[in-house]
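Below is one structure; the comments refer to it alone.
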Ligand SMILES: C[S@@+](CC[C@H](N)C(=O)[O-])C[C@H]1O[C@@H](n2cnc3c(N)ncnc32)[C@H](O)[C@@H]1O
Ligand code: SF4
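Residue numbers (the working numbering): 99 to 436.
Following this line, the structure appears as structure tokens:
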């Protein structure tokens, strides 16, 4: 990137942070957009939110919950309390959904559960790639081995994001998995991807919680040089201040398809409480502004929230802005969220 391009990008990012009034949201939107057309679509969706329209303009990304089964029981994860039946998404359903999508910024291959448990994960990635989509998978990385790494890289995965929320015992206490094994899985993946596809982007998601807040800078120093991006994500909680403002997530243009085809408006809805469509019967593009989605946005605009939306909140930290409530932190703690 030339100096001029870098300066233009910094200026645009500064503007995006001011407009979104939230660094976390601005940075994610900015990072995920491929070019000006993507940015314009996200900006128009944000405009619909600001103007309090009950509709939004574009489907910008789809999350496919390839499975809600998981091999870990992380201490901060609500997935263990899930009441939904557990299962694997049929690759034919993934194909049906993806065939109906145009100009997505990303197809996210996870929701609640561990995507690497899906026996046909490489096939789903390959289908998405063949249909022209960029794929983004978040994984705990514990099931990774050289054979699987090679298969998902060759299938065309665009971005992999490892969930690592600390070093050594901090990580082990939270995830119940050996830190040394996880680290060597990730380093081995980096070696293989540098051979097969150096362009594959590698990120880390770090959940900021009371257990991990004080280790943010140490973590960034250790892992920052190894990967392209670290997202410091505040831990979701369900019991702080009741919501007072509409949630911008409903206008962002993302829909979540659960493994059985149930479509929900938000990834936080781990039990599928707010069903807005059924991808086995409907086209995903129709669901973005389905009656259920419009009604949901209208209730938010009126300040009426169901119990899940009302209680959805995030751990308040100086390190990073929340994603779902539009707070803007000043980061005086010396953290530097990118
Ligand atoms: C639910 S997991 C699913 C993918 C995979 N099992 C993993 O852990 O990466 C997706 C992301 O949500 C994060 N996560 C889990 N519980 C969370 C919580 N209470 N608040 C915020 N993020 C959470 C995980 O760390 C992970 O980065
Ligand atoms: S954070 Fe991921 S790995 Fe941990 S329990 Fe939740 S879904 Fe499983």
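Yeah, the Cβ is synthetic: ideal placement off N, Cα and C, and Gly gets one too.
Contact test: residue 204 Cβ vs ligand 1 heavy atom, cutoff 7 Å: Result no, Cβ not under 7 Å from ligand 1.
Could you spell out where the alpha helix (DSSP H) holding residue 314 opens and where it closes? Taken as a continuous stretch (DSSP letters only), the alpha helix (DSSP H) holding residue 314 covers 314-321.
Sorry if obvious, but does the Cβ on residue 181 come closer than 7 Å to a heavy atom of ligand 2? If you check the C-beta of residue 181 against ligand 2, you find no heavy atom less than 7 Å away.
Going by DSSP, what residues sit across from residue 334 in a beta bridge? Answer is 412, bridged to residue 334.
Beta-carbon proximity check, residue 246 vs residue 222, cutoff 8 Å: At least 8 Å separates the beta-carbon of residue 246 from that of residue 222.
So, is residue 196 buried or exposed, given that buried needs 16 or more other C-beta atoms within 10 angstroms? Buried.
Enumerate in chain order the residues of its own chain whose CB-to-CB distance from residue 232 is below 6 Å, with the five nearest sequence positions on each side excluded. If we look at residue 232 and ignore the five residues flanking it on each side, its Cβ neighbours are 204 and 256.
Heavy atom of ligand 2 within 7 Å of residue 241 beta-carbon: Outside the cutoff, so no.
DSSP state of residue 327 mapped onto helix, strand, coil: Of the three classes helix, strand and coil, the one that applies to residue 327 here is strand, per DSSP.
Could you tell me which residues DSSP pairs with residue 204 in its beta bridges? Looking at the DSSP output, residue 204 shares a beta bridge with 159.
Where the beta strand (DSSP E) containing residue 361 begins and where it ends: 360-362 is the span of the beta strand (DSSP E), which, as asked, contains residue 361.
I'd like to check one pair, residue 304 with residue 265: are the Cβ atoms closer than 8 Å? Result no, Cβ atoms of residue 265 and residue 304 do not sit closer than 8 Å.
Let's test the definition: count the other Cβ atoms within 10 Å of the Cβ of residue 375 and tell me whether it reaches 16, buried, or not, exposed. That one is buried.
Cross-strand partners of residue 186 (DSSP beta bridge): Beta bridge pairing from DSSP links residue 186 with 165.
Residue burial classification, residue 166 (beta-carbon count within 10 angstroms, cutoff 16): It counts as buried.
Please confirm whether residue 157 and residue 353 have their CB atoms less than 8 Å apart. Result yes, Cβ atoms of residue 157 and residue 353 sit closer than 8 Å.
Between which residues of its own chain and residue 341 is the CB-CB distance below 8 Å, once the five residues before and five after are set aside? Its chain contains 403, 407, 408, 409, 410, 411 and 423 as the residues whose beta carbon lies nearer than 8 Å to that of residue 341, once the 5 sequence neighbours on both sides are disregarded; these appear in chain order.
To the nearest angstrom, how far is the alpha carbon of residue 258 from that of residue 289? Roughly 14 Å separates the two Cα atoms.
With hydrogens ignored, establish whether the beta-carbon of residue 280 is closer than 7 Å to any heavy atom of ligand 2. Checking the Cβ of residue 280 against ligand 2 gives no.
Answer with buried or exposed for residue 280, where buried requires no fewer than 16 other C-beta atoms within 10 angstroms of its C-beta. The residue in question, residue 280, is buried, as its Cβ has 16 or more Cβ neighbours within 10 Å.
Less than 7 Å between the CB of residue 161 and some heavy atom of ligand 1, yes or no? Flag unset: Cβ of residue 161 not near ligand 1.
Check this for me: beta carbons of residue 153 and residue 370, under 8 Å apart or not? Not in contact: residue 153 and residue 370 (Cβ atoms no closer than 8 Å).
Nearest by alpha-carbon distance to residue 311: which of 333, 219 and 294 is it? Ranking the options by Cα distance to residue 311, first place goes to 333.
Hey, how far is the Cα of residue 56 from the Cα of residue 384? What the structure shows of the chain is the stretch from 99 to 436, and residue 56 is not part of that stretch, so it cannot be assessed.
Give the range of the beta strand (DSSP E) segment to which residue 304 is assigned. The continuous beta strand (DSSP E) containing residue 304 extends over residues 299-306.
Where the beta strand (DSSP E) through residue 443 begins and ends: Residue 443 is absent from the structure shown; the chain starts at 99 and stops at 436.
Assuming residue 354 is part of the beta strand (DSSP E), what are its boundary residues? Note, residue 354: beta strand (DSSP E), 352-355.
Quick check on this structure: which residue in 413, 170 and 226 has the alpha carbon closest to the alpha carbon of residue 191? Taking only the C-alpha atoms, the option nearest residue 191 is 226.
Per DSSP, what are the beta-bridge partners of residue 258 in this structure? BP columns for residue 258 point to 235 and 300.
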